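Since the structure comes first, as structure tokens, the remarks are kept for the end.
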Ligand code: MG
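In the numbering used here, the protein residues as written are 371 to 748.
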């Protein structure tokens, strides 16, 4: 990246003109950037750029369809080191290029001269405004990446995890016509577990179509699509017979009493996704669900995700690490936690055609963490 571009981004904080085909933030070096830096002070310097992810397939879940996802690519510079972060903002979550621009522009990170003071810095970021969880996550991820690069260690190592303990990742199959589902499942042959979106009245058709192609384990994500708990229980029994291993967000996220009944009777674990956002939610869900799906974009980033994982474990709950449609930046950050989870759904970067980064990869269905510092991307 040339100096004039960097200065341009840094001086305005935002690249004018909105999303473009190729982002300026098209690579994230593993340590100190060579050559001259625009960095002029001792405080943290934040810059960001809006970008639109192009989805390989139209993505359909229980409530909507779409072909792009807006993201914000973020950098934090300090003493010649550069950390990269990302906010992924699927429209249904309420954040956008506009809201993220407003939030990130309001941050005064140059007041912090020590990036290791995560507590102070991220408490400040969280307190600037309510919501904006993905925008907050972008700062958290960039700060973690920066720190990892300064100490020259990947985060899985800083946390003391074994790189070999990564799980397989699920690959998501969206709701579609049988011929399209068949084609997508054939394309997904390298993966060892599929996550099937259901909840739109074609559940049996989706599962039966997939079972004609493959016998690998499945999980299902209902996205709150089931309305009656007795019907839901019948479906779960049927799904178990079809080789499904857990059920994500079967019913309304607000109806914890119904979820508690369903979880108590269900032969499969139930996992909260829409029903869990941040650390404070986790203890409230004990008994209502068997486990939680942690996503960096919901919970403001790695620092809180790491705490959620530990609290869920202390409560004897299952843990899944998930993602939105994201570049390899967000996915590789989340993957740093993956050696400690029961299941991973880290296919967000595999669903897009214009990923500006390289990071975590999938081999024989298993998440492979790169031996690179920070969150492991270039
Ligand atoms: Mg889900």
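No residue lacks a Cβ here, since even glycine has one placed at the ideal position from N, Cα and C. None of these values were measured; they are calculated from a predicted model.
Assuming residue i and residue j make a contact with CB atoms under 8 Å, what is their CB distance in whole Å?
i: residue 486; j: residue 528; result: With 8 Å as the limit, residue 486 and residue 528 do not qualify as a contact, their Cβ atoms being about 11 Å apart.
i: residue 488; j: residue 513; result: 7 Å
i: residue 441; j: residue 456; result: 6 Å
i: residue 673; j: residue 510; result: 6 Å
i: residue 579; j: residue 551; result: 5 Å
i: residue 709; j: residue 532; result: 6 Å
i: residue 539; j: residue 715; result: 6 Å
i: residue 721; j: residue 542; result: 7 Å
i: residue 744; j: residue 525; result: 7 Å
i: residue 688; j: residue 639; result: 5 Å
i: residue 626; j: residue 602; result: Wrong, their Cβ atoms sit about 14 Å apart, outside the cutoff.
i: residue 698; j: residue 729; result: 4 Å
i: residue 738; j: residue 702; result: The pair is not a contact, with the Cβ atoms about 11 Å apart (cut-off 8 Å).
i: residue 725; j: residue 690; result: Actually they do not touch by this definition, with Cβ atoms about 23 Å apart.
i: residue 506; j: residue 521; result: Rounded, the Cβ-Cβ distance is 23 Å, inconsistent with contact.
i: residue 480; j: residue 413; result: 3 Å
Return yes when at least one heavy atom of the ligand MG lies under 7 Å from the C-beta of residue i, else no.
i: residue 618; result: yes
i: residue 734; result: no
i: residue 643; result: yes
i: residue 573; result: no
i: residue 651; result: no
i: residue 591; result: yes
i: residue 741; result: no
i: residue 532; result: no
i: residue 680; result: no
i: residue 578; result: no
i: residue 502; result: no
i: residue 489; result: no
i: residue 663; result: yes
Item to check | Ordered list of beta strand (DSSP E) runs contained in the segment 495-557, each at least 3 residues | outcome: 541-543
Item to check | Those runs of the beta strand (DSSP E) which lie wholly inside the segment 575-622 and span at least 3 residues | outcome: 588-591 and 614-618
Item to check | Every unbroken alpha helix (DSSP H) inside the segment 426-474 [4 residues or more] | outcome: none
Next on the checklist: Contact between the segment 549-559 and the segment 575-595 is defined here as three or more beta-carbon pairs at a separation below 8 Å; is this criterion met?
Outcome noted: yes
Item to check | Entirely enclosed alpha helix (DSSP H) segments - the segment 634-702, minimum 4 residues | outcome: 666-669 and 672-684
Next on the checklist: With three or more beta-carbon pairs closer than 8 Å as the criterion, would you say the segment 612-632 touches the segment 656-664?
Outcome noted: yes
Item to check | Three or more C-beta pairs below 8 Å linking the segment 645-658 and the segment 688-701 | outcome: no
Checklist entry - Are three or more beta carbon pairs between the segment 416-424 and the segment 467-474 nearer than 8 Å? => result yes
Item to check | Segment contact flag, the segment 589-599 with the segment 559-576, C-beta cutoff 8 Å, min 3 pairs | outcome: yes
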